[in-house]
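Protein chains in written order, with our numbering: chain R, 114 to 494; chain S, 114 to 494.
There are 2 protein chains.
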Amino acid sequence: MRGFDATEFAARTDRAQSMMQAAGLSALLLTTEPEIRYFTGYLTRFWESPTRPWFLIVPSSGKPIAVIPSIGAALMSETWIDDIRTWSAPDLTDDGVSLLADTLREVAPADAIIGVPDGHETHVRMPLADFRRLQEEIGKRDLCGDTGIVRALRTVKSPAEITKIETACAIAGRAFKRVPEIAGEGIALEAVFRRFQMLCLEEGADWVPYLAGGAEQGGYTDVISPATDALLQQGDVLMLDTGLVWDGYFCDYDRNWAIGRVSANVQHAYAALIEASDAALDIARPGATAADLYQAMNSVLSRHDADTGAGRLGHGLGMSLTEWPSLIPTDHTVLQPGMVLTLEPGIAVDGKVLVHEENIVITEGAPRFISPRAGSELPEI
Amino acid sequence: MRGFDATEFAARTDRAQSMMQAAGLSALLLTTEPEIRYFTGYLTRFWESPTRPWFLIVPSSGKPIAVIPSIGAALMSETWIDDIRTWSAPDLTDDGVSLLADTLREVAPADAIIGVPDGHETHVRMPLADFRRLQEEIGKRDLCGDTGIVRALRTVKSPAEITKIETACAIAGRAFKRVPEIAGEGIALEAVFRRFQMLCLEEGADWVPYLAGGAEQGGYTDVISPATDALLQQGDVLMLDTGLVWDGYFCDYDRNWAIGRVSANVQHAYAALIEASDAALDIARPGATAADLYQAMNSVLSRHDADTGAGRLGHGLGMSLTEWPSLIPTDHTVLQPGMVLTLEPGIAVDGKVLVHEENIVITEGAPRFISPRAGSELPEI
C-alpha cells in the first residue's frame, strides 16, 4: 500500500504534542522535506527546486498547519491536513514570512517557546534573512531548538514504515543480483552506474536519488566519487552503493564484486568486513547502544587497517538516506525495536578501501536482515 | 569534456573577490552543494545524506579553503583546491564548528564582515545550533548577507557551463522522442514515469533527480505530484517534466502528449502555450527583464484562464533545477548573454492545467533554443 492511514499521522502528531508539552514548547516549526512529510504524508520530488520555502507548524493540540506556496495546495489538500494557508511564491518582497508569522502568533502565546529542529543532521530550509525577519515579526516568542523531538520520533519506525523500507531493500536486492548482466571486464564504470540505475527502476524503484561506488585494483579510493569512464579490469573490486526510494522510503546498502581474480589480501579483508557486520548483528538488540555496535565491528576491523576516513560504521535509515543514530564511539543512543540501521564496516587495504553495508531492523529479539545477507566470499564476475 | 579547467574556477573566484571588495566583505562562507561546487568543482551525490555539514570559505584573495568531513578529503583533493581542512564527522560535540571558526578567524580580521548567501533560493546548510555557536566563536566578526554575489555570478553561465546544460537538454530530447515507445492507453502512469527515467539514463543522463508530470482527462491537476497507478486513457493529456543531470548541470523542460483524441478546447489551450513561449522568445534579448518575459507570456495567457497557482512563468536553470531569476511581474533582473532560462507558460482549462516548458540561452542577438522547440499542435500517441 502506498501512503499511510490518517491514523498514522495522527499518532505521530499526538506523540510529538506529548513531548512538546513535556519540553514546554508551544509549537514546532518545520521547514525540510522529511520533517514536513513525516507529519503530513506530503510526497513530491518538487523539493529538488530550491526556490520556494515550505513551512509546517505543529501546534500544541490539533492537526498541523501547512503554510506553503500555492503550487503545492492541490497536493497538500490530498493529505490529512485541513488547514492549508498559501501564498503565491516566489514573492520577492515577502516570501511567506508574514503569513508564517501571523500563523505562529495565532497558535503560540506571546511568550511561547517554538521548537525548531536545530541539532545534528538538521538545517533550517529558508533564507537566513527571512529567518532573521521572522524572529523580529513574532515578538517575544522564541525560536529555540526542538530538544530532539522530531529526531526521537523519526528514529523509531512504525510497522508500515518498515514495510516500505523493506520494499526498497528488496528492489535493490533484485537489481544487485542482476549486476553480472551489466558489469564486466572492459565496461566503463560510468556505464555500469547508468545501467544499474536502470535495473533499479526496472525492478520497481520510484527513483534512484543515490548511487555511489568505485572500481579500482583491489578496492577503491573512496565511496562518494562519481563514476569515471575507466574500464573495469581484471583485479578490480567493483562496489555499488545505492539509496533507491519506494514510496518515499530509502534502502541504503552496497555490494562488492571481484572482476576476475583479486589478491588473497583483498579476499581476507572482505571476509573481515562480513565478520565485522556479523559481530554487530550478534549484539544488535534492545538495550545495546549505537556505540556498542561500533565497538563490536571495530574489534574485528582493528586487526586490519581500519582508517578509511568515513567517520562511522553505520547509521539510521528511513525517509532520508542517512538518519540518526551514528555508529561511532560517542553515540550512546539505546537501540529500540523499530529502529532501522545500516551496518557499514570499512577496511583500508594496500592503499585502497573496501566497504560493506547491510540494512537491519531492531526487533524485540534478534535483529532482522532486510538486505539480502551477503556471504563471506567476494563474488566474482 | 567533464569538469572544467582550473582557469574557470580561478575566474569565478576572481570575480567573487572583486565583488566582495566592492561590498566590503572579507570572506564568503558557503554551505550548500551548488555554492561549494561552483567554486571548487566538487561533484558528488553524497549530498543526499543530511548527516554531515560542509563548508567553503572564499577569502579576500587566494584560492577558496575547504573545511569538510574527512570522508570528502580524497575527492576534494582532486579539485583545484589546495587548502583542505578536515575533521572526522559526525562529531557529536563539535561537528566542524571550531575548525570553521578557527579558519574564519585566520582569514578575516577581528571586525570583518563575512558574507553568507541569505536571499531567495538560499539556505544555510548547517544545524541552527551550530550556526549560533559559530557566531559566538568568531567574536565581533559579523555573518551578514553576501549582497547577492553568489547569485549574480551563477546567473550568468560560461560557455563551458552552457555546453553542459545543452548536453543535458539533448539527452532529454532523445528520451522525450521515445516516449511513444513506453506510453499509451492502458499503461499506468507510474510505469511511464519509471520507464521514462530509464530512457533518460539509456540516452546518457548521469542521473535523474527530478521527474514530475500528470495524465488526466484534458490536462492534469498539478505539475508536482508523484505518479499514481491510474491507467492512461483516451482523452488524457500526458505531461512529463524532467530535470536530468549531465556532469552536474540540469535541463528542465516538459513535453505533452494527447492519448488519442482530446477536445478542441485543449488543443486551443496548448496552441496558446506555444504562442506564449514564442512571445517571450521574441523579446528575450539583453536589456529586457525577467518581468518583460512574464508580461509577454501573460498577454497571451490572459486571454485564457491563466490562474494555475504556479506562481511564475519560468526561471533560471543550471547547477540547480531552478535558479534565479523568476519570470514574475516583480523580478526586474536584466537579461544578459549567458543566462539560461526556462519559459514555462501554463493555462487552466476545464478544471485542469496544461503547462509547456522550453529552455533557452540568452545571447548577444536572438536567444537560442536548447530544448528541441515544440510545434503548436499537441502530438498524439
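Heads up, the beta-carbon is just placed ideally off N, CA and C, and yes, glycines get one too.
Just the Cα atoms here: how many angstroms apart are residue i and residue j?
i: A221 of chain S; j: R246 of chain S; result: 18 Å
i: I387 of chain R; j: M114 of chain R; result: 34 Å
i: G431 of chain S; j: T145 of chain R; result: 22 Å
i: T153 of chain S; j: H236 of chain S; result: 19 Å
i: Y362 of chain R; j: I278 of chain R; result: 5 Å
i: A382 of chain S; j: L454 of chain S; result: 23 Å
i: I181 of chain S; j: L141 of chain S; result: 16 Å
i: A389 of chain R; j: F482 of chain R; result: 15 Å
i: A401 of chain R; j: P163 of chain R; result: 39 Å
i: V292 of chain R; j: R368 of chain R; result: 10 Å
i: Y333 of chain R; j: A343 of chain R; result: 12 Å
i: G356 of chain S; j: C257 of chain R; result: 36 Å
i: E121 of chain R; j: T268 of chain R; result: 15 Å
i: V321 of chain S; j: I473 of chain S; result: 20 Å
i: I494 of chain S; j: I295 of chain S; result: 10 Å
i: N378 of chain R; j: G429 of chain S; result: 51 Å
i: N411 of chain S; j: D420 of chain S; result: 10 Å
i: H469 of chain R; j: P492 of chain R; result: 13 Å
Per DSSP, what kind of secondary structure is residue i in: helix, strand or coil?
i: V229 of chain S; result: strand
i: W160 of chain R; result: helix
i: Y155 of chain R; result: coil
i: T268 of chain S; result: helix
i: I295 of chain R; result: helix
i: M189 of chain R; result: helix
i: T280 of chain S; result: helix
i: T341 of chain R; result: coil
i: Q408 of chain R; result: helix
i: V466 of chain R; result: strand
i: Q330 of chain S; result: strand
i: E493 of chain R; result: strand
i: M239 of chain S; result: coil
i: F168 of chain R; result: strand
i: M132 of chain S; result: helix
i: L414 of chain R; result: helix
i: T216 of chain R; result: helix
i: D420 of chain R; result: coil
i: A529 of chain S; result: Because chain S spans 114 through 494 in this model, residue 529 of chain S falls outside it and cannot be assessed.
i: M452 of chain S; result: coil
What does residue i touch in chain R if you count any residue whose Cβ is under 7 Å from its own?
i: P203 of chain S; result: H233, G424, R425, S439 and I441
i: P240 of chain S; result: D231, G232, H233, T235 and H236
i: G116 of chain S; result: Chain R residues near G116 of chain S: none, gap ~10 Å exceeds 7 Å.
i: S183 of chain S; result: G422 and G424
i: T153 of chain S; result: Correct list: empty, because the minimum Cβ distance to chain R is about 14 Å.
Identify the residues that DSSP records as bridge partners of residue i: which are they?
i: S569 of chain S; result: The structure shown does not extend to residue 569 of chain S, since chain S is modelled only from 114 through 494, so no value can be given for it.
i: C364 of chain R; result: Partner(s): none; C364 of chain R has no beta bridge.
i: F482 of chain S; result: S:I473
i: G356 of chain R; result: R:Y323
i: T199 of chain S; result: S:I181
i: I251 of chain S; result: Note: I251 of chain S sits in no beta bridge, so no partner.
Against residue i, what residues of chain R qualify as contacts under a CB-to-CB distance less than 9 Å, listed in chain order?
i: L169 of chain S; result: What L169 of chain S touches in chain R: nothing, since even the nearest Cβ is about 16 Å away.
i: Q248 of chain S; result: Chain R residues near Q248 of chain S: none, gap ~11 Å exceeds 9 Å.
i: D444 of chain S; result: P203 and L205
Short of 6 Å in beta carbon distance, which residues of its chain neighbour residue i, apart from the five on each side in sequence? Order them along the chain.
i: C423 of chain R; result: According to the sequence shown, residue 423 of chain R is Ala rather than Cys. Only G459 meet the Cβ criterion.
i: R425 of chain S; result: S439, L440 and I441
i: D243 of chain S; result: V210
i: W193 of chain R; result: A119 and F122
i: L213 of chain R; result: F168 and V180
Under 9 Å between beta-carbons, which chain S residues line up against residue i? List them in chain order, please.
i: R307 of chain R; result: L314, E315, G317, A318, D319 and W320
By Cβ distance, which residues of its chain are closer than 7 Å to residue i, with the 5 residues on each side in sequence left out?
i: E298 of chain S; result: L345, Q346, Q347, I372 and G373
i: D405 of chain R; result: I396
Who are the near neighbours of residue i in its chain, counting only those whose CB is closer than 8 Å to its CB and skipping five residues on each side?
i: S338 of chain R; result: A325 and G327
i: Q134 of chain S; result: S173
Against residue i, what residues of chain R qualify as contacts under a CB-to-CB distance less than 8 Å, listed in chain order?
i: D255 of chain S; result: Chain R residues near D255 of chain S: none, gap ~12 Å exceeds 8 Å.
What residues from chain S crowd round residue i, counting only those whose CB sits closer than 8 Å?
i: A187 of chain R; result: T334, D335, S338 and G422
i: D208 of chain R; result: H233
i: G331 of chain R; result: Within chain S, no residue comes near G331 of chain R; the closest Cβ sits about 16 Å away, beyond 8 Å.
Taking Cβ-Cβ distances shorter than 7 Å, what residues in chain S pair up with residue i?
i: E161 of chain R; result: P322, Y323, G356 and L434
i: M311 of chain R; result: M311, L314 and E315
i: T157 of chain R; result: I337, S338 and P339
Quick check: does the Cβ of residue i come within less than 6 Å of any heavy atom belonging to the ligand ZN?
i: R218 of chain R; result: You won't find the ligand ZN in this model; it holds no ligand whatsoever.
Does residue i come within less than 7 Å of chain B when only Cβ atoms are used?
i: T280 of chain S; result: Absence of chain B from the displayed structure is noted, the protein chains being R and S.
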